[in-house]
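In order, the protein sequence lines correspond to chains A and B.
With the first letter of the first sequence counted as 1, position 101 gets the number 101 in the numbering used here; the numbers rise by one all the way through.
With the first letter of the second sequence counted as 1, position 651 gets the number 1651 in the numbering used here; the numbers rise by one all the way through.
Even for Gly, the Cβ is constructed at its ideal location relative to N, Cα and C.
Fair warning: this is a prediction, and the values are worked out from it, not measured in the lab.
These notes concern the structure reproduced below.
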Amino acid sequence: MTSAEIARTRDEALAEIRVAETLRALEAVRVKYLGRKGLLPQIMKGLKDLPEQNRAAAGLEANELKSRVGEAIEQRGAELGAAGPAREPFDPTLPGLWHRPGAMHLISRVIEDVTRICARIGFTVADGPDVETKHNNFDALNTPERHPSLDPRDTFWLETGECLRTQTSPVQIRVMKSRPPPVRVITPGRCYRRDTTDATHGANFHQIEGLYVDRGVSLADLKGTMAYFARELMGPAVKVRFRPHFFPFTEPSVECDFSCHVCGGAGCRVCKSSGWIEIAGAGMVDPRVFEFVGYDPEEFTGYAWGFGVERVAMVKYGLGDIRVLYENDLRFLEQFA
Amino acid sequence: MNVPLSWLKDYVDVDAPPEELARRLTFSGTEVAAIRTVGSSFDGIVVAEIVETAPHPDADDLLVCRVKDGRRVVRVVCGARNFAVGDKAPFAPAGCRLPGGRAIGATEIRGVESEGMLCAEDELGLSDDHSGLLLLPRETPAGAPLAEALGPPETVLDVEVTWNRPDCLSIIGIAREVAALFGGKVKLPSVVFREDGRPVEELAKVTLEDAQGCLRYTARVLWDVKQAPAPLWMRRRLSLCGARAINNIVDITNYVLIECGQPLHAFDYDLLADHHIIVRRARPGETMATLDGAPRCLTPDMTLIADPRKAVAVGGVMGGAGSGIRPATTRVLLEAATFDPLRLHRASLALALSTESSYRYERGVDVARVEWCSRRAAALMTELAGATAARGVIDAYPNPQAERAIRCRYGRVRALYGVETPDDRVVSILESLDLPVVSRDAESCVVLAPSFRPDLEIEADLIEEVVRVNGLDKAPTLTPSALVAPDASDAPAQALIRCRSNLVGLGLTEIMNYSFLPAELLDRFTPGETARRVALPNPVSADYAVMRDSLIPQMADTLGRNRFRQVEHAAFFETGRVFLRDDSGVIHEEERLALGLMGAPGRTALDARKPAQAQESFLWLKGILEQIARVQRVNDLAFAPFEHPALELGRTVAVIVGEAPAGVAGLLRASLGAEYRMNGPVAIAEMSLAPLLARAFGAPELKPVPAFPSVTRDVALVAPANLTNEAIARVIRRHAPPELTSVELFDIFSGEGIRKGYRSLAYSLVYCSAERTLTDEDASRYHAVVKNALTSELGVEIRDK
Ligand SMILES: [Zn+2]
């Protein structure tokens, strides 16, 4: 391919572009010259057969040809696209004029995600007050008086003798007291603990708990539900594992780790190199809790699980500091639109 | 809790590598948070004998020592004081490196040359103890490598013990878990010793008055105690567990505490009046000074250890200042007791005093083994402190605890676990945990729960033991199936989800604020309403002192803080609870919605710079309320004049749904906005959420779509500026025929050509009939009626083109 041939190709292409009268015709020209099997790619391919001393110069010319043709097509396209009957000034590149959508808060987003995931298997949302009785928040949950969670250094006690609930578990008590099994509910809500605010704690936070009571519920059901939940919430490859733990209202009690959704378990910053992230507490409902709400523990068994919404939000979206969730900086919030 | 592996292995044979041990413990419920290695090869560091000490000529707090490092005698400057000539201590000569990497060189310290360094535990990376030199046994040869004197590096498991397992707050308790996991038996230490002294009853007396507070009290007496540092191996173990060495007597009580989980207290026998211990309730108003020197106000709920003249300890919490071991002590009364966990917990809370001892007692200390642990400590005191033990023990144990028999049904294990666990396996797991199975039948076995396991009360507790030892990983993972619980409805929650999504669709961004705020913020927005507020008796800080009774202050605050961050336009909403106290003190919660607008969020990019006017800003807010009401199927929304302390007078309306006031909307008081440098109008609304959710899923009221074309007629009029749009529209609607289908304001104008104090308004009226096509004449006739009504009723001037 010589300089003359390149020049001729250019003149032919520019002429064809000029006379294209519709966007469709122009597209045909584009395909002819710039398409994957078009003339210009062929020219480029042909360069390697040239003698070495000519190759560089021809390469430059070919590139120049390609960009000239590209620009000409773009310009002609704009002319054709802008052409209206009245030929008024028209600029399709001006900013779009519609109001911007708002954004849901990240905490609401996690709660709604979980609500939707759980709704698929029949969990409905139950609710209770933030100001709770000691009975519902502690006693009926089999929490002895001397358990450290009742400590006024940890719990906000009010002058009425009530407290700001430290967990959403009292909602489980309210639900079970109000209707017979089977029960399948989740309880998203705000909780309070006397934590000093830092990167991972706040005196005010959100929890979601799940409760299922029926005949014949076992640990295997709990494992299956948590496995389903982990996949739906964090991604299809995420696995769960259980470690025994202690909570006053479940027996046995477990802590539930999710395999790291970032590294897939190989170890990274998010999972602190362990491949696992501690997410939820869970267990089989303690028969003593059933006795408090008037369920027959011989007839019914059940599982309960719960986790912190802020923690899941942080893990899922890679946030390093919980406080960003309550700063309400529009520049942060609007990214979740 | 720190568990040094070499200590653990005193009681259980286990060969597994530390990682495997940690894994098995973690996955059976005893979480090992970390595995640490303490100690090193201590290259170059040797044992040195201190042969001479002299004060530093130029520094009061330093000593100049001559030490023998096995080859020669060198001079070292030293800041510690806890040694004497003849003692042995670790010596890092010039040219070597400390385990932390610090290089030791020959230096001059205030004019005196120092050829190395005598080391404390922290400098050797053994602990954070910097209270003095690490003293080695005097028989250690000078010049011996330190690694030989200290032994190989130690592996320590950092174990997190759950609240229900106080038995695992001891090395023997952990050994029991290890034995169950790996097979094997726990070997208990020796408690055999010579009781050469006089009978203890002749030497001391115990009166247990408060038998509810103190379940068991034992006392032993030991004479001829020779105080000295505890042997190196014991000091090393205490140090690995985070306890500081004091002297052999105190160290032995701490050692037995960590080994067995039994708190002990050593009294100076000669400081106890009449050698008589009285365990009683504190008297009202009684005070005492505890070991830490603090004066303590006691209450009758607290159990006191006293002698006939004075209180000597708050039982199970802390000893008194004037009765403990002092340098001159040679005779010891050794207390080993158990206290009622709840009473002790309350005492610890009331005194704001938590100790290693109270921490264990409030979780539960094994009442059955109190006497055994006392024997263990006495044995160590005779062996390591040369003590002569009095014969026998005083053991006040008025109400011996009955052991609980718990039945465990194999079928129930399988039902809860979801795993076919053979009956024999269930029994063998329970027995491996030292839980004696006293009887068996075809369906179940019966366990006699030992007193060291206060957590075992019912069958489910035993099932948990089986599950955690056998392994949670063995339970299958059952794919869940859906279940519809009869009568379960969550319409309010679903309605809120819909409402939130509609607000987002309208262009609002959700914010979330704490439920509590500083009283000062509330005072600025709603002064004088303090009586209904819920203040926290124990807030974390003044910033979180009061529960919010309105979402408005934080909404304004959020807008203002965004303004500070150079955000100019914002449209926010928040849903959340407010807390109000009624006259009888009962706290009520209400779910509310707040809206907040700043700048010109209602404009598009091309005219965003035009400053927002008050009227416009208010109308955006009103528009959002109208639209959210509409999509939430609220069709009876109305507004009425209203006042609110945080909102501008005359620019505030009540939001009404049906007949009931549901909230407020208006412009933030300019003075409040100015505090945040928000100089343009800020529009804020707050309303109850319930009316917006009540009909969210209701069907819209459908009207037939018109079958005949409509005719549109405009009317422009000049009216006094204070005649409202609503008044005009009302007259139009009242007088127009039923064919009028809509009235829309499409222009407002004042200024040139319009008298001062008047404005021009233009309305577009649409007429349409359900029965026929309206003619121009029809429309003109209808329109004339409307115009007449406007002039006659309102006296406005109709502008004809
Ligand atoms: Zn990871």
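Going by alpha carbons, who is nearest to leucine 1238/B out of Val1003/B, Gly1757/B, Gly1418/B and Ala1396/B? Val1003/B
How about valine 270/A and glycine 318/A: do their beta carbons lie closer than 8 Å? Yes. Within cutoff.
Min CB distance glycine 1505/B to chain A below 8 Å: yes
Within chain A, the residues that methionine 1512/B reaches when beta carbons sit closer than 8 Å: Neighbours of methionine 1512/B on chain A, chain order: His105, Ile107, Ser108, Leu325, Tyr326 and Asn328.
Which residues mark the beginning and the end of the beta strand (DSSP E) in which aspartate 1714/B is found? 1711 to 1720
For alanine 126/A, which residues in chain B fall below 9 Å Cβ to Cβ? Ala1488, Asp1490 and Ala1493
Which word fits alanine 1033/B, buried or exposed, when buried means at least 16 other C-beta atoms lie within 10 angstroms of its C-beta? exposed
If you check the beta carbons only, do leucine 1150/B and glycine 1039/B fall under 8 Å apart? yes
DSSP beta-bridge partners for isoleucine 1394/B? Ala1219/B
For leucine 26/A, which residues of its own chain have a beta-carbon under 8 Å away from its beta-carbon, when the five flanking residues on both sides are left out? Ile17, Ala20, Ile73, Arg76, Gly77 and Leu80
In this structure, what does DSSP give as the bridge partners for glutamine 1212/B? Answer by DSSP bridge pairing: none, since glutamine 1212/B is not bridged.
Within chain B, the residues that methionine 176/A reaches when beta carbons sit closer than 9 Å: Within 9 Å Cβ-Cβ: nothing; methionine 176/A doesn't reach chain B, min ~12 Å.
8 Å Cβ cut-off: residues of chain A touching tryptophan 1163/B: His147, Pro148 and Phe246
Alpha carbon to alpha carbon, what distance is there between proline 1553/B and leucine 1521/B? Counting only the Cα atoms, proline 1553/B lies some 7 Å from leucine 1521/B.
Smallest Cα separation from threonine 1479/B: which of Glu299/A, Met226/A, Asp321/A and Met234/A? Minimum Cα distance to threonine 1479/B is reached at Met226/A.
Any chain A beta carbon closer than 8 Å to tyrosine 1763/B: no
heavy atom of ligand 1 below 7 Å from valine 270/A C-beta: Yes; taking the cut-off as 7 Å, the Cβ of valine 270/A has a heavy atom of ligand 1 nearer than that.
Buried or exposed: which applies to histidine 245/A, given that a residue is buried once 16 or more other Cβ atoms fall within 10 Å of its Cβ? The residue is buried, with at least 16 neighbouring Cβ atoms inside 10 Å.
Can you give the beta carbon distance from proline 1090/B to valine 1051/B, rounded, assuming they're within the 8 Å contact cut? Actually they are not in contact, since the Cβ atoms of proline 1090/B and valine 1051/B sit about 16 Å apart, beyond 8 Å.
Check whether glycine 1602/B and methionine 1678/B have beta carbons under 8 Å apart: Methionine 1678/B is positioned such that its CB atom lies no closer than 8 Å to that of glycine 1602/B.
Does aspartate 91/A come within less than 8 Å of chain B when only Cβ atoms are used? no
Excluding sequence positions up to five away, which residues of its chain have a Cβ less than 7 Å from the Cβ of tryptophan 157/A? Cys163
I need the DSSP call for aspartate 1061/B, collapsed to helix, strand or coil. strand
Verify the CB distance criterion: does glutamate 1659/B have a CB-CB separation below 8 Å to chain A? No, because no Cβ of chain A sits closer than 8 Å to the Cβ of glutamate 1659/B.
Chain A contact for asparagine 1538/B (CB, 8 Å cutoff): yes
Just the chain B side, please: which residues come within less than 7 Å of proline 41/A by C-beta, in chain order? What proline 41/A touches in chain B, judged by beta-carbon distance under 7 Å, is nothing: the nearest beta carbon there is about 40 Å away.
Kindly indicate the opening and closing residues of the alpha helix (DSSP H) around tyrosine 1767/B. Premise fails: tyrosine 1767/B lies in the beta strand (DSSP E), 1758 to 1767, not in any alpha helix (DSSP H).
Within the region 1265 to 1329 of chain B, note down every full alpha helix (DSSP H) run reaching 4 residues or more, in order along the chain. none
On the DSSP letters alone, give me the boundaries of the alpha helix (DSSP H) that asparagine 1562/B sits inside. 1552 to 1564
Return the residue from the list Thr1526/B, Ala1519/B, Arg1533/B and Ala1556/B that minimises the CA-CA distance to alanine 1542/B. Considering only Thr1526/B, Ala1519/B, Arg1533/B and Ala1556/B, the residue with the shortest C-alpha distance to alanine 1542/B is Ala1519/B.
Exposure of glutamate 1686/B, with buried meaning 16 or more beta-carbon neighbours within 10 Å: Label assigned to glutamate 1686/B: buried.
Count the other CB atoms within 10 Å of the CB of serine 1358/B; is the residue buried (16 or more) or exposed (fewer)? buried
Looking at the structure shown, is isoleucine 1728/B part of a helix, part of a strand, or coil, going by DSSP? helix
Using beta carbons (cut-off 8 Å, strictly below), is isoleucine 1463/B in contact with chain A? So, interface residue.
Check whether chain A comes within 8 Å of arginine 1407/B, counting only Cβ atoms and requiring the distance to be less than that. For arginine 1407/B, the answer is no, since every Cβ of chain A falls outside 8 Å of its Cβ.
Taking Cβ to Cβ, would you say glycine 1213/B is nearer than 8 Å to threonine 1303/B? yes
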